[in-house]
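J.: Sequential numbering from 1354 applies to the sequence shown in our numbering.
Using N, Cα and C, we set each Cβ at its ideal position, and we do this for glycine too.
Before anything else, here's the structure in question.
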Amino acid sequence: MKNRRSRPCKSFSMFFLLLYFCSGASNVDAQLPESQTRKSTVTAEVALSVLQTNHMTSGDLLVEQGELDPLIAKSGGGACPTAAVGIAFQALRVMSGMKPHTSPHRLALEAFRNSPDLLNGRLSNKQVVDLLLHYQKHLENSKLAIRVQSAPNSPYATDANIWEVTGRPDLTIQPREIKILSYTVSEPSGHVLGRHFVILKKLDGDKLLVVDPQSPGKDRRYMLEAGGAERCGRYFLRYPPEFQRPYTNELNTVFTVRVEYADSTSRDFGQIKTLIDATAKKLKLQNKLRSPRDWRRETASFGLPALDLPIDVGGFEWSAEQMLEVFRYAGRYDLNLRDVVGGAHSRILLHADAPEAIDLLRGVVKGERYFAITITEPDYGSDFTSMQSTSQKVDGGYILNGQKRFNARLDQATDVIVITKNPDGQRGKLNVFVLPINSNGLSIETFGAHGLTGNSYGGMTMNDVFVPDHFLIGEDGNGYEVFSKHFLYWRLMQTAAAIGTAEQALQQMADRLKTRIVFGGPIGRFTHLQQPMGQHTTELKMAHALAVQAAKLIDEDRYSEAEPLINGLKAEGVEIALKAVDAAARAFGGEGYSDLVDIGDRLRDLNGLRIADGTTDVMRSAVVRSQFGREFWDMANQGNFEKPEPKLQTLDTR
């Protein structure tokens, strides 16, 4: 909300901002806590008090709202959210054991350049979160975990969690946390002027002490009071008796911002490899190497399940190109490790809108949740758009019925992604849901499999299973788009794991050729055994190079360009890996057929992946469709057998 009473003139403010943009650092050392350790114990109250004291002396530690207001559109409500985030950022630096940033005004202008939409004012919750994450890079190697909570009646509640109507918002301040409060400001007539942002400094019962970006050098006090005709989750910030104003301030959103330290959350690929090595050694001794649940529990504190999940749920947001190498490295140990890296099938929740669905990702980050996905049915596999499972719309949700078959992970999963026809029943109109694995009306069956034994293999039956509206992923009827985008990423990562599996098999083959003595010498002297190693190594490198290209397209959100590459990789990458492992198995002779080495397991697992997540044959057909026209796909799948008119192509020899 704009500070309409004391708005400085535009020319003075612009001069002031330009002065700071061009000037260097100022003296900020006086009275600031020393950063003796990264794990500072400075509280939000102490950090804000120190900043206020020094700001009153120097005038340049905190960006005041009035200094930014002239830059905001006249209809935009002022710069209070931008100024509040800047103040919170300075406090977070102090709480992290760092000095305040010496050029906060420059950072504010940088934020405007990075996101010009901020100049329109009236920021959404998502824009506030994005602005906080923009400042994150100035917290050295630390990252921010952000939780957004809104009132049930808040117009901003669509992109936030809702506090209970019978409870009160969480205003407690934990160590390493700061809270930004947003409240709507209304005139006595009921006309809403806008919403204002303040930083919570201290909570004492119902008494709030806040820092207001309009005048951040001093504290402002409010009383938190429940309101409304009934207990409906509405809370108001009342002015103290000695400071009465005619406005009504209704709390609508609480942003909880927590600093996570670099020594526990900042990761690079070298550290991830070390983690995988150590965990593989430990779980192998426990005979749990192939258990995805044990892997996720063991590595959650280090962040392996969180690598490709969003920062605001505790993830790291690694790119597809980065994740490609992690899957490849994990695959060297065992192809079953394809399920222990990142969010796996929980990533489909990134297409969800409801906070209840997105919140499930936090359980994945903690290693507590693990997701199965069910697409294939007894009579429908690759032709999944013809599936028979149904979703019927009812009050508050949907009723699901149908059977799924040849699905992995159901015995291990805490939650399951289910794809059904949408209520219209049209071919290709699908819905995607998430539901707990123990939902009423859902029954699981299990049968054996020849490979990929780290997970169960079986199916499930849905008999009038109720799913609430908030567990619909994406829009009703748009499940095909959700499925397709998710599985492009997933197929690419599965191919990377297959490449790693085969590369390790070739390394084992090379060791075998150097040490196995036959007819008076190592069998590596036989060039007919050497040459397949060269061939398969080159083919795997080619597949990897193409996978990197596809990952870059994914990172640039160019999914349509990535699709034919990934479908081709899923087909040929797995086939290349199979041929490489088969060559390694033959080099081991009888030992390769035994369980003394894991070559046979690698073969069986790759044969499973040849079918799972898109069969080789269907993926090849998809490549033909992309490259040479959809009529080939239609001829194969829709009975389009009309004989086309021949079109002879002649060469121009002129």
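Can you tell me whether residue 1585 is buried or exposed, with buried defined as 16 or more other CB within 10 angstroms of its CB?
T.: Looking at its Cβ environment, which holds fewer than 16 other Cβ atoms inside 10 Å, residue 1585 is exposed.
J.: Excluding the five sequence neighbours on either side, which residues of its own chain have a C-beta within less than 6 Å of the C-beta of residue 1814, listed in chain order?
T.: Around residue 1814: 1756, 1796.
J.: Hey, is the region 1563–1583 in contact with the region 1625–1643, meaning 3+ C-beta pairs nearer than 8 Å?
T.: Because the criterion of three Cβ pairs below 8 Å is not met, the region 1563–1583 and the region 1625–1643 do not touch.
J.: Out of curiosity, what's the CA-to-CA distance linking residue 1726 and residue 1713?
T.: Rounded to whole angstroms, residue 1726 to residue 1713 spans 15 Å at the Cα level.
J.: Do residue 1447 and residue 1404 have their C-beta atoms closer together than 8 Å?
T.: Closer than 8 Å, so yes.
J.: Is the beta carbon of residue 1729 sitting closer than 8 Å to the one on residue 1680?
T.: Cβ atoms of residue 1729 and residue 1680: not closer than 8 Å.
J.: Could you check the C-alpha separation between residue 1955 and residue 1806 for me, to the nearest Å?
T.: Going from the Cα of residue 1955 to the Cα of residue 1806 covers about 11 Å.
J.: With residue 1960 and residue 1853 assumed to form a contact (beta carbons below 8 Å), what rounded beta-carbon distance in angstroms separates them?
T.: About 17 Å separates the two Cβ atoms, so there is no contact after all.
J.: What residues in its chain sit with their C-beta under 7 Å from that of residue 1354, if we drop five residues either side in the sequence?
T.: Its pLDDT being 45, under 50, residue 1354 is placed unreliably by the model, and nothing is read from it.
J.: Could you please give the first and the last residue of the uninterrupted beta strand (DSSP E) stretch that includes residue 1744?
T.: Start and end: 1743–1747.
J.: Is DSSP giving residue 1578 helix, strand or coil here?
T.: Three-state DSSP puts residue 1578 in a strand.
J.: Consult DSSP for residue 1537 and reduce its assignment to one of helix, strand or coil.
T.: Of the three classes helix, strand and coil, the one that applies to residue 1537 here is strand, per DSSP.
J.: What residues match up with residue 1752 in a beta bridge as DSSP calls it?
T.: Paired residues: 1745, 1819.
J.: What distance in whole Å lies between the Cβ atoms of residue 1866 and residue 1877, which are believed to be in contact at a cut-off of 8 Å?
T.: Contact flag correct, Cβ pair sits at about 3 Å.
J.: For residue 1555, list the residues DSSP reports as bridge partners.
T.: For residue 1555, which the question treats as bridged, DSSP gives the partners 1562.
J.: Return the CA-CA distance between residue 1533 and residue 1673, expressed in angstroms with no decimal places.
T.: Rounded to whole angstroms, residue 1533 to residue 1673 spans 33 Å at the Cα level.
J.: Could you compute how far the alpha carbon of residue 1460 sits from the alpha carbon of residue 1518?
T.: Cα-Cα distance, rounded: 38 Å.
J.: Mark residue 1896 as exposed unless 16 or more other C-beta atoms lie within 10 angstroms of its C-beta, in which case mark it buried.
T.: Buried is the call here.
J.: Beta-carbon within less than 6 Å of residue 1386's beta-carbon, same chain only, minus the 5 sequence neighbours each way: which residues are those?
T.: Any reading at residue 1386 needs caution, since the residue's pLDDT is 38, under 50, leaving its predicted position unreliable; the model's value is listed next. Taken in chain order, the residues that qualify are 1395.
J.: Tell me whether residue 1875 sits in a helix, a strand or coil according to DSSP, three-state version.
T.: Here residue 1875 sits in strand by DSSP.
J.: Got a sec? Which residues, its chain only, sit under 8 Å from residue 1764 by beta carbon, not counting five neighbours each side?
T.: Correct list, in chain order: 1797, 1799, 1808, 1809, 1811.
J.: Tell me which same chain residues have a C-beta within less than 7 Å of the C-beta of residue 1659, skipping the five on either side of it?
T.: These residues qualify, in order along the chain: 1667, 1668, 1669, 1718.
J.: Specify the secondary structure class of residue 1812 as computed by DSSP and reduced to three states.
T.: Residue state, collapsed to three classes: strand.
J.: If you measure from the beta carbon of residue 1593 to each beta carbon in chain C, is any gap under 8 Å?
T.: Of the protein chains in the structure, only one exists, and it is not chain C.
J.: Following the continuous beta strand (DSSP E) through residue 1725, name the residue where it begins and the one where it ends.
T.: Segment 1724–1727, the beta strand (DSSP E) holding residue 1725.
J.: Please say whether residue 1903 and residue 1845 have beta carbons closer to each other than 8 Å?
T.: Result yes, Cβ atoms of residue 1845 and residue 1903 sit closer than 8 Å.
J.: Within 10 angstroms of its Cβ, does residue 1529 collect 16 or more other Cβ (buried), or is it exposed?
T.: Label assigned to residue 1529: buried.
J.: In chain order, which alpha helix (DSSP H) runs of at least 4 residues are fully inside the region 1422–1493?
T.: Within the region 1422–1493, the complete alpha helix (DSSP H) runs of at least 4 residues are 1433–1448, 1457–1467, 1478–1489.
J.: Grab me the residues of residue 1735's own chain with a C-beta within less than 7 Å of its C-beta, minus the 5 sequence neighbours each way, in chain order.
T.: The answer, listed in chain order, is 1968, 1971.
J.: Contact defined as beta carbons within less than 8 Å: I believe residue 1625 pairs with residue 1839. What is the distance between those atoms, to the nearest angstrom?
T.: Going by Cβ atoms, the distance from residue 1625 to residue 1839 rounds to 23 Å, so no, they are not a contact pair.
J.: Tell me, please, whether the region 1557–1565 touches the region 1480–1498 by the rule of three or more beta-carbon pairs shorter than 8 Å.
T.: Too few Cβ pairs lie closer than 8 Å, so no.
J.: Given this structure, state the Cα-to-Cα distance separating residue 1709 from residue 1478, to the nearest angstrom.
T.: Cα-Cα distance, rounded: 17 Å.
J.: What is the DSSP secondary structure of residue 1500, reduced to helix, strand or coil?
T.: Note: residue 1500 maps to strand in three-state DSSP.
J.: Go ahead and label residue 1609 buried or exposed: buried means 16 or more other beta carbons lie within 10 angstroms of its beta carbon, across all protein chains shown.
T.: The residue in question, residue 1609, is buried, as its Cβ has 16 or more Cβ neighbours within 10 Å.
J.: Could you check whether residue 1649 and residue 1723 sit closer than 8 Å to each other, using their CB atoms as the reference points?
T.: In this structure, residue 1649 lies closer than 8 Å to residue 1723 by Cβ.
J.: Strictly by DSSP, which residues pair up with residue 1837?
T.: Residue 1837 is not bridged to any residue.
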